[in-house]
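Colleague: Position 199 (the sequence shown) corresponds to 199 in the UniProt record's numbering; numbering is contiguous.
For glycine and all other residues, C-beta sits at the position ideal for the given N, C-alpha and C.
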Amino acid sequence: MAAILIVEDDLTFATMLKTWLGKQGFQTSTAGDLSKAHKLLEHQSYDLILSDLRLPEGDGLSLLDWMQKHGLAVPFIVMTSYADVQNAVNAMKQGACDYIAKPVQPAMLLDKIKDALSASSATRSKKDTAPEEVQADTESRPAFLEGKSEAARQLYNYVALVAPTPLSVLINGASGTGKEYVAHRIHQLSKRADKPFVAIDCGAMLKELAASEFFGHVKGSFTGAVTDKTGAFVEANGGTLFLDEVGNLSYDVQVQLLRAIQERKIRPVGSNQEIEVDVRLVCATNENLQQAISRGEFREDLYHRLNEFTLHMPSLKDRGEDILLFANFFLDQANKELERHIVGFDAPASEALLNYAWPGNLRELKNRVKRATLLAQDRLIHKTDLGEFNVINCGEEELPAATPFALHDKNTEKERILQALQTAHHNKARAARLLGIDRKTLYNKIKLYDIPQ
Ligand SMILES: Nc1ncnc2c1ncn2[C@@H]1O[C@H](COP(=O)(O)OP(=O)(O)OP(=O)(O)O)[C@@H](O)[C@H]1O
């Protein structure tokens, strides 16, 4: 039985319509004004909306607008007087599927309702019949959104310019801003798109195994080398090698890496044969490598090799217009993953999303939206579903100088690391400072305790 919402301030007419539609086999609710309509739409699902054009506190057009902002795509029929036909046409331009002039002729209204309902179920089943296509697409490459803010426009202009060139790219930006996603994008838009994209997390790599990770090894070359191993350079041959957290490489490994890049040859550990390689390097860092150079921790010659072109990732708080776009994008992803059908965010939730400083950037937004999708009781996400928004500023200067989560006891170590990561919004540099350990140690412990990243 299709459910219809009647939005009409003339109560007598609304009741007549309700009774008559009920007799035709429809389930109906009525709203006398916009706020009641908003409330009903937030809590219930409708198959069709029948709305008067003129309403107290606004009109049918503003209801359409509200629905679009909340991602509600429900067939919408406007009821209007003859004098208002131009506005009805405007409503159709804005997304209404039909209009009917008052006084309403019941037979004509019934035809229009049936047409609108069958058109909408046809669109739905068309969407439902192509799941494999959607599936294949989302599985073969990461689902990606660019955004519409000025900062995003500039970033993707640069990405489009640099991607097809052979230049090595250094992407810098705070944790969770999407550096790895941009690296993928560069690969997809490059001439190497049909060759491999290999990602190495230098932050999580043990110093002793780094050479083997990059260049491979031959069986028996060191204790534990029980089989031959192909390194990342050979795996990525012809394609792109992405080095995340490149600032974490030890000095020795930096020397070996520089040599491989300069000579375009590598030698697996324990082998005396050199292998020619052709890889494009894209690296990411959330620390200031120039400062690392001045401290003598990062080689300047390697820095210049890796940094033929720099991309700076904007923080989410500087991408105001993109916040709700990403929130809805992550909501779609979460709905699929969690098999839920949440349709959007209510006004206070949207406002909270827009006003928050997002210290954990896109990663934090994605996590909050996923959690809210799971918790939401209604069709729309409310502010309370999104959790607390009181930690507004997590800038370095705000961090306590002491190490409140310091690791003293092996039994509680994992729990403390989890707490520190949560407090630092999964920014590992900050979490490491809170714990009083360096970032490499934190990465090793994350691996040791199998903490999801
Ligand atoms: N453009 C995008 N479109 C869709 N999702 C994105 C996009 N950018 C980032 N994300 C999401 O945000 C999360 C964080 O992105 P990513 O891992 O690329 O950030 P990062 O800057 O490399 O973080 P870190 O420095 O901590 O490694 C990812 O899990 C991804 O799901």
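Are the stretch 172-179 and the stretch 217-225 in contact at 8 Å, needing three or more beta carbon pairs?
Modeller: no
Colleague: Starting from residue 457, follow the beta strand (DSSP E) in both directions and report where the run begins and ends.
Modeller: Given that the chain is displayed from residue 1 to residue 453, the structure contains no residue 457 and the question cannot be resolved.
Colleague: Ignoring anything shorter than 4 residues or poking outside the UniProt domain "Response regulatory" (3-117), list the alpha helix (DSSP H) runs there in chain order.
Modeller: 11-23, 34-43, 60-69 and 85-93
Colleague: What's the C-alpha gap between F309 and S168?
Modeller: In the sequence shown, the residue the question calls residue 309 occupies position 309. In the sequence shown, the residue the question calls residue 168 occupies position 168. Those two C-alpha atoms are separated by around 6 Å.
Colleague: Tell me, which residues are paired with A284 by DSSP?
Modeller: Mapped onto the sequence shown, residue 284 falls at position 284. Beta-bridge pairing links A284 to I171.
Colleague: If I'm right that L72 touches A116 with Cβ under 8 Å, what's the distance once you round it to whole angstroms?
Modeller: Counting from one through the sequence shown, the residue named residue 72 turns up at place 72. Counting from one through the sequence shown, the residue named residue 116 turns up at place 116. Not confirmed; about 15 Å, so no contact.
Colleague: Got a sec, what are the start and stop residues for the alpha helix (DSSP H) H304 sits in?
Modeller: As a working note, residue 304 is residue 304 in the sequence shown. In the DSSP assignment, H304 falls within the unbroken alpha helix (DSSP H) covering E300 to L306.
Colleague: Look up I323 in the DSSP assignment and say whether it is helix, strand or coil.
Modeller: Here residue 323 refers to the residue found at position 323 of the sequence shown. The answer is helix: DSSP assigns I323 an H, G or I state.
Colleague: Can you check which of these residues, Q419, L365, S315 and Q291, is closest to G247 by C-alpha distance?
Modeller: The sequence position of residue 247 within the sequence shown is 247, counting from 1. Cα-wise, what sits closest to G247 is Q291.
Colleague: Short check: CB of D201 to CB of E245, under 9 Å?
Modeller: In the sequence shown, counting from the first residue as 1, residue 201 sits at position 201. In the sequence shown, counting from the first residue as 1, residue 245 sits at position 245. Contact: yes.
Colleague: If we call anything under 9 Å between Cβ atoms a contact, is A432 one with D438?
Modeller: Mapped onto the sequence shown, residue 432 falls at position 432. Mapped onto the sequence shown, residue 438 falls at position 438. Yes.
Colleague: Is the beta carbon of D244 within less than 8 Å of some heavy atom of ligand 1?
Modeller: Indexing the sequence shown from 1 puts residue 244 at position 244. Answer for D244: yes, Cβ within range of ligand 1.
Colleague: Within its chain, find whatever has a CB closer than 8 Å to the CB of D278; leave out the 5 residues flanking it on each side and keep chain order.
Modeller: Locating residue 278 in the sequence shown gives position 278, counting from the first residue. Contacts found: N237, G238 and R264.
Colleague: Looking at ligand 1, does it come within less than 8 Å of M313, judged from the CB to the closest heavy atom?
Modeller: Within the sequence shown, residue 313 is the residue found at index 313, counting from 1. Yes - ligand 1 has a heavy atom lying nearer than 8 Å to the Cβ of M313.
Colleague: Tell me whether the stretch 307-327 and the stretch 147-158 touch, counting them as touching only if at least three CB pairs, one residue from each stretch, are closer than 8 Å.
Modeller: yes
Colleague: Under DSSP, the beta strand (DSSP E) around V198 begins and ends at which residues?
Modeller: Start at 1 with the first residue of the sequence shown, and residue 198 comes out as number 198. F197 to D201 is the span of the beta strand (DSSP E), which, as asked, contains V198.
Colleague: For G344, does the three-state DSSP call read helix, strand or coil?
Modeller: Locating residue 344 in the sequence shown gives position 344, counting from the first residue. Correct three-state label for G344: strand.
Colleague: Helix, strand or coil: how does DSSP classify D244 here?
Modeller: Here the question's residue 244 lines up with position 244 in the sequence shown. In the displayed model, D244 falls within a strand according to three-state DSSP.
Colleague: When we look at the beta-carbon of F389 and count the other beta-carbons within 10 Å, is it buried (16 or more) or exposed?
Modeller: For the purposes of this step, residue 389 is taken as the residue at position 389 of the sequence shown. The residue is exposed, with fewer than 16 neighbouring Cβ atoms inside 10 Å.
Colleague: Within this structure, are the beta carbons of L258 and I171 separated by less than 9 Å?
Modeller: The residue you call residue 258 lines up with position 258 of the sequence shown. The residue you call residue 171 lines up with position 171 of the sequence shown. Result no, Cβ atoms of L258 and I171 do not sit closer than 9 Å.
Colleague: Does the Cβ of R185 have 16 or more other Cβ atoms within 10 Å, making it buried, or fewer, making it exposed?
Modeller: In the sequence shown, residue 185 corresponds to position 185, counting from 1. The residue in question, R185, is buried, as its Cβ has 16 or more Cβ neighbours within 10 Å.
Colleague: At the level of alpha carbons, what is the spacing between A401 and L434?
Modeller: Indexing the sequence shown from 1 puts residue 401 at position 401. Indexing the sequence shown from 1 puts residue 434 at position 434. Model confidence at A401 stands at a pLDDT of 37, short of 50, so the residue's coordinates are unreliable; what they give is reported in the following sentence. Distance between the alpha carbons of A401 and L434: 8 Å.
Colleague: Using only CA atoms, which one of F197, A183 and R192 lies nearest to M313?
Modeller: Looking up residue 313 in the sequence shown gives position 313. Of the candidates F197, A183 and R192, A183 places its Cα closest to the Cα of M313.
Colleague: Roughly how many angstroms separate the alpha carbons of L375 and L386, rounded to a whole number?
Modeller: Locating residue 375 in the sequence shown gives position 375, counting from the first residue. Locating residue 386 in the sequence shown gives position 386, counting from the first residue. Distance between the alpha carbons of L375 and L386: 9 Å.
Colleague: Nearest-angstrom Cα distance between F329 and L380?
Modeller: Your numbering for residue 329 matches position 329 in the sequence shown. Your numbering for residue 380 matches position 380 in the sequence shown. Approximately 14 Å, taken between the alpha carbons.
Colleague: Going by beta-carbon coordinates alone, are L316 and L362 separated by less than 9 Å?
Modeller: The residue labelled residue 316 in the question sits at position 316 within the sequence shown. The residue labelled residue 362 in the question sits at position 362 within the sequence shown. Yes; because the gap between Cβ atoms is below 9 Å, this pair is in contact.
Colleague: Just to check, is the beta-carbon of L170 closer than 8 Å to a non-hydrogen atom of ligand 1?
Modeller: The residue given as residue 170 occupies position 170 in the sequence shown. If you check the C-beta of L170 against ligand 1, you find no heavy atom less than 8 Å away.
Colleague: In the structure shown, what three-state DSSP assignment does V159 receive?
Modeller: Taking the sequence shown and counting its residues from 1, the one referred to as residue 159 is at position 159. If DSSP states are grouped into helix, strand and coil, V159 belongs with the helices.
Colleague: Answer with buried or exposed for D301, where buried requires no fewer than 16 other C-beta atoms within 10 angstroms of its C-beta.
Modeller: Within the sequence shown, residue 301 is the residue found at index 301, counting from 1. Under this definition D301 is an exposed residue.
Colleague: Just the C-alpha distance for S29 and A88, rounded to the nearest angstrom, thanks.
Modeller: Here residue 29 is taken as the residue at index 29 of the sequence shown, counted from 1. Here residue 88 is taken as the residue at index 88 of the sequence shown, counted from 1. The alpha-carbon atoms of S29 and A88 are separated by roughly 23 Å.
Colleague: G71: beta carbon under 8 Å from a heavy atom of ligand 1?
Modeller: Locating residue 71 in the sequence shown gives position 71, counting from the first residue. False, no ligand heavy atom lies under 8 Å from that Cβ.
Colleague: Would P56 and D33 qualify as a contact pair, given that the criterion is a beta-carbon distance under 9 Å?
Modeller: Counted from its first residue, the sequence shown places residue 56 at position 56. Counted from its first residue, the sequence shown places residue 33 at position 33. Note that the C-beta distance between P56 and D33 is below 9 Å.
Colleague: What three-state label does DSSP hand K229 in the structure shown?
Modeller: Taking the sequence shown and counting its residues from 1, one reaches residue 229 at position 229. The answer is strand: DSSP assigns K229 an E or B state.
Colleague: For T30, is the beta carbon positioned less than 8 Å from some heavy atom of ligand 1?
Modeller: On the sequence shown, residue 30 is found 30 positions in, with the first residue counted as 1. Not so, every heavy atom of ligand 1 lies at least 8 Å from the Cβ.
Colleague: Measuring straight from C-alpha to C-alpha, what distance separates K195 and A31?
Modeller: Translated into positions along the sequence shown, residue 195 becomes position 195. Translated into positions along the sequence shown, residue 31 becomes position 31. So the two alpha carbons sit approximately 57 Å from each other.
Colleague: Cutting at 6 Å between CB atoms, please list the residues of its own chain near residue 490, excluding the five before and the five after it.
Modeller: This structure cannot settle anything about residue 490, because the visible part of the chain is limited to 1 through 453.
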